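Numbering (full-length UniProt numbering), first residue to last: 1 to 272.
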């Protein structure tokens, strides 16, 4: 346990807590783009940014001007730089009743674990050859994302919390977004109060494609605070594939994950 924990960045927990408890920061019309880490939040940020500002190229260098990341931007930066209302703010935080309007992204935890595995390697949080089977055991316990809880506690917290609170809430499944991008993007546009046509929808999808985002990553990584601290030889934007996890999990690792996450996975249709 001690060997694993030295790879965790403890600062993010403090920053997240501070920003959530800052008096007067949130506005009633703020919209929060929430997910457990590595569930597709970056892709959806690009989709939304390209949707709301179609005449401006969205890059890793200016994405925070449209959809700021609450974990990487100070309260002052968000307040000064984001003028348009409603503000759309990215967050990985656990259920928070002060978030009154929420787009929640959920992804199969097996895919989340593979994406997080490569993310932590890229940013030097775990060794390059860290055994995936050992990684999965710690992922199930929420050890790598202790400030955001385990995958199931995060998902169930948001799903149950918003039912019992006056929250304007939609849930996007990453897999549906991959399979029917135009349909799901239209759902997001409706939630944002935007009227879009098929041309704008297709332009947005093209400008936010994984190939386009990989190109932007290659151009922007040295100047981007979200990318510059990582290994430049490891991709931040990877494949985005839905079933990639099948080539990583052995039967025992999958059994352990299902044993812990089954209730949440069944509720979301991930055990069919």
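C-beta atoms are modelled at their ideal positions from N, C-alpha and C, and glycine is treated no differently. These numbers were taken from a predicted model, which means no experiment stands behind them.
- In this structure residue 56 is exposed. Its beta-carbon is surrounded by fewer than 16 other beta-carbon atoms within 10 angstroms.
- Contact between residue 157 and residue 216 does not hold, since their C-beta atoms are separated by about 33 Å, which reaches or exceeds 8 Å.
- Proximity of the region 172-188 to the region 143-163 falls short of the contact definition, fewer than three beta-carbon pairs being nearer than 8 Å.
- Take the alpha-carbon of residue 34 and the one of residue 151: they are about 13 Å apart.
- For residue 70, DSSP assigns no beta-bridge partner whatsoever.
- With contact defined as three or more Cβ pairs closer than 8 Å, the region 183-200 and the region 60-72 are not in contact.
- Apart from the 5 residues on each side of it in sequence, residue 28 sits with its Cβ closer than 7 Å to the Cβ of 100 in its chain, given in chain order.
- Within a 10 Å sphere around the beta-carbon of residue 269 sit fewer than 16 other beta-carbons, which makes this residue exposed.
- Between residue 106 and residue 173, the C-beta gap is smaller than 7 Å, which places the two residues in contact.
- Apart from sequence neighbours up to five positions away, the residues of its chain that approach residue 39 with a beta-carbon distance below 7 Å are 105, 106, 107, 112, 174, ordered along the chain.
- Taken through DSSP and simplified to helix, strand or coil, residue 152 comes out as helix.
- Put simply, of 141, 149, 209, 211 the residue whose alpha carbon is nearest the alpha carbon of residue 259 is 141.
- Going by beta carbons, residue 248 and residue 132 fall inside the 7 Å limit.
- DSSP assignment within the region 163-216 yields the following whole beta strand (DSSP E) runs of 3 residues or more, N-terminal first: 168-173.
- Shown here, residue 91 sits in a strand according to DSSP, grouped into three states.
- Going by beta carbons, residue 92 and residue 139 fall outside the 7 Å limit.
- Here DSSP, grouped into helix, strand and coil, assigns residue 61 to coil.
- If you ignore the 5 residues before and after residue 36, its C-beta comes within less than 6 Å of the C-beta of 151, 154, all in its own chain and listed in chain order.
- Counting along the chain, the unbroken alpha helix (DSSP H) around residue 44 starts and ends at 41-52.
- Of the residues 210, 96, 186, 194, the one whose Cα lies closest to the Cα of residue 59 is 210.
- When DSSP states are grouped into helix, strand and coil, residue 146 belongs to the coil group.
- Looking from the CA of residue 208, the closest CA among 86, 52, 90 belongs to 52.
- Annotation: residue 247 is outside any alpha helix (DSSP H) and is labelled neither H nor E by DSSP.
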